[in-house]
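Have a look at the structure below, then the notes.
Residue numbers (the working numbering): 1042 to 1117.
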């Protein structure tokens, strides 16, 4: 039995937009618009954190030095 997937209004609207894409160029343009949208949101949030004193150069440096790679266990 298939399980229904519930989508919110924004997801449904986005799917309708995707249905109108006819070429790879249009898909590429839409992808860029969406990426630009989220990049702008990230910039706005970082500006807010700086203004509220919740982010500073010290935290920037800590993030740059942070080791985020996944440790792998190799078979012996």
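Think of the CB as a built atom: it goes at the ideal place given N, C-alpha and C, for glycine as much as any other residue.
Beta-carbon separation of residue i and residue j under 8 Å?
{"i": "residue 1130", "j": "residue 1083", "result": "Since the first residue shown for the chain is 1042 and the last is 1117, residue 1130 is missing from the structure and cannot be characterised."}
{"i": "residue 1096", "j": "residue 1105", "result": "no"}
Rounded to the nearest angstrom, what separates residue i and residue j at their Cα positions?
{"i": "residue 1049", "j": "residue 1059", "result": "16 Å"}
{"i": "residue 1051", "j": "residue 1093", "result": "30 Å"}
{"i": "residue 1065", "j": "residue 1055", "result": "17 Å"}
{"i": "residue 1067", "j": "residue 1115", "result": "44 Å"}
{"i": "residue 1102", "j": "residue 1108", "result": "12 Å"}
{"i": "residue 1085", "j": "residue 1078", "result": "11 Å"}
{"i": "residue 1098", "j": "residue 1087", "result": "12 Å"}
{"i": "residue 1046", "j": "residue 1057", "result": "16 Å"}
{"i": "residue 1053", "j": "residue 1075", "result": "16 Å"}
{"i": "residue 1100", "j": "residue 1069", "result": "35 Å"}
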